[in-house]
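Residue numbers (this note's numbering): 1 to 183.
See below:
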């Protein structure tokens, strides 16, 4: 078998599955798993998300969605991570801004701090593993936002981020072109 650099995309997708192991095994509050993730690759599927990002940019006026959509198109794969926001059921925590978890439950749209902390830990584990493989990566809110609008997860998942992955000669996430006009 002879491989060339064009076969790197397949390797990135294979390694994304290993990165998924780091996500799944990341520590979680009370050991409760509130996380889910998707691995998306292939130009057609990445393009669907990028088009949704452009639509969001047009509706919201947030130009960074355009820049990020172009980065997504240049990526080999993306891992999209999500958490739901139900309370952990602790006494007197208050990290969410409510006095108790029972009080937080009266506000179902207020995220439990532990769920978002767990998501952050999982993201940290994932980007660390990507770095171990020398895969360029970037955490993106914008891709997660598009995934949410596209209903890529069950509706109980309210907080969604993404990690784009690329193996190219130059880090495509380093010198990103802004879509904001210069003053």
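For every residue, glycine included, the Cβ atom is placed at its ideal position computed from N, Cα and C. Values in this document were obtained by computation on a predicted structure and should not be read as measured data.
On the three-state DSSP scale, how would you describe residue i?
| i | result |
| --- | --- |
| residue 166 | strand |
| residue 67 | helix |
| residue 110 | coil |
| residue 41 | strand |
| residue 137 | strand |
| residue 131 | helix |
| residue 21 | helix |
| residue 117 | helix |
| residue 93 | coil |
| residue 61 | coil |
| residue 152 | coil |
| residue 1 | coil |
| residue 102 | helix |
| residue 28 | coil |
| residue 72 | helix |
| residue 175 | coil |
| residue 7 | helix |
Opposite residue i in the DSSP bridges: which residues?
| i | result |
| --- | --- |
| residue 36 | 82 |
| residue 161 | 81 |
Distance, Cα to Cα, residue i vs residue j?
| i | j | result |
| --- | --- | --- |
| residue 195 | residue 50 | This structure does not reach residue 195, given that the chain is present from 1 up to 183, and the question cannot be answered. |
| residue 86 | residue 5 | 44 Å |
| residue 143 | residue 91 | 35 Å |
| residue 128 | residue 107 | 34 Å |
| residue 48 | residue 120 | 26 Å |
| residue 63 | residue 56 | 9 Å |
| residue 38 | residue 162 | 9 Å |
| residue 117 | residue 41 | 27 Å |
| residue 158 | residue 2 | 44 Å |
| residue 96 | residue 109 | 11 Å |
| residue 137 | residue 154 | 26 Å |
| residue 145 | residue 81 | 11 Å |
| residue 101 | residue 166 | 40 Å |
| residue 94 | residue 113 | 9 Å |
| residue 21 | residue 177 | 32 Å |
| residue 28 | residue 123 | 12 Å |
| residue 175 | residue 54 | 20 Å |
So, under 8 Å CB-CB, residue i and residue j are touching, yes? Tell me the CB distance rounded to an integer number of Å.
| i | j | result |
| --- | --- | --- |
| residue 79 | residue 126 | 6 Å |
| residue 12 | residue 68 | That pair is no contact at about 18 Å. |
| residue 135 | residue 15 | 6 Å |
| residue 32 | residue 88 | 7 Å |
| residue 160 | residue 147 | 5 Å |
| residue 19 | residue 131 | Contact doesn't hold; Cβ gap of about 10 Å is too wide. |
Just checking: is the beta-carbon of residue i within a distance shorter than 7 Å of some beta-carbon in chain E?
| i | result |
| --- | --- |
| residue 89 | Of the chains in the structure shown, none is chain E; there is only one protein chain. |
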